[in-house]
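Asks: Residue numbers (this note's numbering), protein chains in the order written: chain A, 37 to 293; chain B, 2 to 15.
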Amino acid sequence: MLELRLVQGSLLKKVMESIKDLVNDANFDCSATGFSLQAMDSSHVALVSLLLRSEGFEHYRCDRNLSMGMNLGNMAKMLKCAGNDDIVTIKADDGGDCVTFMFESPNQDKIADFEMKLMDIDSEHLGIPETEYEAIVRMPSSEFARICKDLSTIGDTVLISVTKEGVRFSTKGDIGTANIVCRQNTSVDKPEEATIIEMETPVSLTFALRYMNSFTKATPLATQVTVSLSSELPVVVEYKIGEMGYLRFYLAPKIEE
Amino acid sequence: DPKQGNIMSFFKKV
Chain A
37 MLELRLVQGS LLKKVMESIK DLVNDANFDC SATGFSLQAM DSSHVALVSL LLRSEGFEHY
97 RCDRNLSMGM NLGNMAKMLK CAGNDDIVTI KADDGGDCVT FMFESPNQDK IADFEMKLMD
157 IDSEHLGIPE TEYEAIVRMP SSEFARICKD LSTIGDTVLI SVTKEGVRFS TKGDIGTANI
217 VCRQNTSVDK PEEATIIEME TPVSLTFALR YMNSFTKATP LATQVTVSLS SELPVVVEYK
277 IGEMGYLRFY LAPKIEE
Chain B
2 DPKQGNIMSF FKKV
């Protein structure tokens with residue numbers, strides 16, 4: 037038996053809107069630790085890792101580890117039917133073939149339940165090694181989204197370079213080139229507007245903007261985004277989900293042949 | 002043009 041009650045149901049709505057276009061089907065894993073997902077996009081270029089820790093739920097019952105295969109588009113459709121202030125409860129029986137999403141309005145005057153069929157998904161779980169990244173950039177998530185959107189009107193790829201000067205985002209296309217440099221800025225009154233650059237070694241990597249733009253659909257989840265880079269390794273773009281977990285996107289770099 | 006890497010060449014199956 038599984039029963040997970042999330043008071044801030046909008047978090048799950050936002051998570052689904054962030055990943056439904058990147059990943060079609062995925063297994064949600066439920067254990068004592070929390071509710072998690074790891075999935076790749078169909079071309080195996082990007083990997084999504086979601087964790088919602090059990091402590092973040094108002095009620096968390098998971099009698100045994102359970103893996104539930106879901107079509108993310110269908111799950112997003114169902115969660116779209118929940119109000120932004122609704123409490124969302126996820127329920128499933130061990131060995132059952134469906135999952136129920138229950139939505140309660142804050143004053144309990146409306147209760148809805150949506151039942152969705154589960155599916156068998158053969159998924160490959162990848163081990164993500166602990167990595168000391170050469171550069172970690174923390175910046176406002178809206179600023180990062182704006183940069184990715186703007187650059188994608190000029191080119192298809194972004195070269196991200198971190199130096200002592202700051203972080204540079206560059207692209208080139210048929211019509212010309214673009215460079216955007218963000219410098220460290222910790223002097224702002226509001227911590228959510230800060231840009232913080234931790235650099236061990238200068239690093240420079242190229243990525244497909246199409247994927248970066250897809251990741252920025254998670255912008256409503258967090259005011260800040262963390263971009264972690266190391267030479268010849270996938271970049272990690274992380275959005276924290278309140279105090280309860282994270283949504284991380286890993287993207288393989290473009291490599292010179 | 003640089004070639005798109007595959008995530009499975011960085012992270013191994015467990």
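Beta carbons are placed, not taken as given, at the ideal position from N, Cα and C, and that holds for glycine.
Look at A:Ser240 and A:Glu170 and say whether their C-beta atoms are less than 8 Å apart.
Replies: No, these two residues do not count as a Cβ contact at 8 Å.
Asks: Going by C-alpha distance, which of A:Met155, A:Ala75, A:Thr262 and A:Leu58 is nearest A:Lys276?
Replies: Of the candidates A:Met155, A:Ala75, A:Thr262 and A:Leu58, the one whose C-alpha sits nearest the C-alpha of A:Lys276 is A:Thr262.
Asks: Could you pull the start and end residues of the beta strand (DSSP E) that A:Asn63 belongs to?
Replies: Its beta strand (DSSP E) spans residues Asp61 to Cys66.
Asks: Excluding five sequence neighbours on each side, which residues of the same chain lie with their C-beta closer than 6 Å to the C-beta of A:Pro256?
Replies: The residues are Lys50.
Asks: Could you give the C-beta distance for A:Cys134 and A:Met152, rounded to a whole number, given that I count them as a contact under 8 Å?
Replies: So it is a contact: roughly 6 Å between Cβ atoms.
Asks: Rounding to the nearest angstrom, what Cα-Cα distance links A:Phe205 and A:Ala118 in this structure?
Replies: Those two C-alpha atoms are separated by around 37 Å.
Asks: Taking the beta carbon of A:Gly56 as the centre, do at least 16 other beta carbons fall within 10 Å, making it buried, or is it exposed?
Replies: The sequence given here places Lys at residue 56 of chain A; Gly does not occur at that position. When all chains shown are included, A:Lys56 counts as buried.
Asks: If we ignore side chains and look at the alpha-carbon of each, how far apart do A:Ser223 and A:Ile232 end up?
Replies: Roughly 10 Å separates the two Cα atoms.
Asks: Mapping the DSSP letters down to three states, classify A:Ile211 as helix, strand or coil.
Replies: DSSP places A:Ile211 in coil when its eight states are reduced to three.
Asks: Measuring CA to CA, which of A:Leu162, A:Leu40 and A:Gly191 is closest to B:Phe11?
Replies: Among A:Leu162, A:Leu40 and A:Gly191, the Cα nearest to that of B:Phe11 belongs to A:Leu162.
Asks: Can you have a look at A:Gly45 and say buried or exposed, based on whether 16 or more other CB atoms are within 10 angstroms of its CB?
Replies: Classification for A:Gly45: buried.
Asks: Please list, in chain order, the chain B residues whose beta carbon lies closer than 7 Å to that of A:Ala75.
Replies: Neighbours of A:Ala75 on chain B: none; closest Cβ ~11 Å, over 7 Å.
Asks: My parser needs the beta strand (DSSP E) runs of 3 or more residues fully inside the stretch 141 to 213 of chain A; what are they?
Replies: Within the stretch 141 to 213 of chain A, the complete beta strand (DSSP E) runs of at least 3 residues are 147 to 153, 171 to 176, 193 to 199 and 202 to 209.
Asks: The beta strand (DSSP E) with A:Glu53 in it runs from where to where?
Replies: Where A:Glu53 is concerned, there is no enclosing beta strand (DSSP E), although the alpha helix (DSSP H) it sits in stretches over Ser46 to Ile55.
Asks: Please classify A:Thr255: does DSSP put it in a helix, a strand, or coil?
Replies: A:Thr255: helix per DSSP, three-state reduction.
Asks: Output needed for A:Thr252: all residues of its chain with C-beta closer than 6 Å, excluding positions within five of it in sequence on either side, in chain order.
Replies: Only Ala181 and Cys184 meet the Cβ criterion.
Asks: How is the beta strand (DSSP E) around A:Gly281 delimited, first residue to last?
Replies: Where A:Gly281 is concerned, the enclosing beta strand (DSSP E) stretches over Gly281 to Leu287.
Asks: Rounded to a whole number of angstroms, what is the C-alpha to C-alpha distance between A:Arg219 and A:Ile172?
Replies: Cα-Cα distance, rounded: 13 Å.
Asks: Would you list the one or two residues that DSSP bridges to A:Phe139?
Replies: A:Val124 and A:Ala148.
Asks: Which partner residues does A:His95 have in the DSSP bridge list?
Replies: A:Arg41.
Asks: Round the Cβ separation of A:Gly105 and A:Ile157 to the nearest angstrom and send it over; I've been treating them as touching at under 8 Å.
Replies: Indeed they touch by this definition, with Cβ atoms about 4 Å apart.
Asks: Between the stretch 200 to 228 of chain A and chain B, which residues of the former have CB atoms less than 9 Å from a CB of the latter, in chain order?
Replies: Answer set for the stretch 200 to 228 of chain A: empty.
Asks: Can you pull the DSSP bridge partners for B:Lys4?
Replies: The partner list for B:Lys4 (beta bridge, DSSP) reads A:Ile291.
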